[in-house]
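*Asks:* Have a look at the structure that comes next, please.
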Amino acid sequence: MKAEKSDVKSSSENTAKETRQQIDPTGRKRFQPFKYITSLQIRSLYSRCQLCIKVELEKQEVQNLLTTPEQIHDVQLQLVGYKQEKDDKGKKRSLNICPTTSK
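Numbering (our numbering), first residue to last: 337 to 439.
Encoded structure:
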């Protein structure tokens with residue numbers, strides 16, 4: 337088929353036409369008329385193949401995220417400030433923290 341040789345996506349209409357014209361090495365038709373599929377069936381097949389490829393790529397992407405170790409640095413935090421204020425609903429507390437610099 338032309339699309340296989342050129343890596344260009346073939347239309348479903350062209351693919352249906354080409355399959356009807358395929359000849360095997362002995363000179364006989366490669367597909368019997370009762371095995372022909374319509375361009376609509378081929379389009380549906382293309383869509384399902386694309387969906388399968390997309391799902392597989394997403395699975396690989398998720399797997400890569402799960403298996404790729406990310407470097408984690410030790411972080412030390414220092415308490416900078418602490419406030420406790422009263423508000424209309426009761427007490428409100430806030431902590432101010434910041435990372436300490438390595439020496």
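C-beta: ideal position from N, C-alpha, C; glycine also.
Bear in mind the structure is a predicted one, so any value in this text is a computation, not a measurement.
1) Looking only at its chain, what residues have a beta carbon closer than 6 Å to the beta carbon of S453, apart from the 5 residues adjacent to it on each side?
2) What is the rounded straight-line gap between the Cα of F367 and the Cα of E392?
3) Would DSSP call I389 helix, strand or coil?
4) With DSSP as the reference, identify every bridge partner of I359, one or two as the case may be.
5) Are Y372 and R356 close, meaning C-beta to C-beta below 8 Å?
*Replies:* Result, derived from the coordinates:
1) Because the chain is modelled from 337 through 439, residue 453 falls outside the range shown and cannot be assessed.
2) Approximately 31 Å, taken between the alpha carbons.
3) Three-state result, I389: helix.
4) K365.
5) Yes, the Cβ-Cβ distance between Y372 and R356 is below 8 Å.
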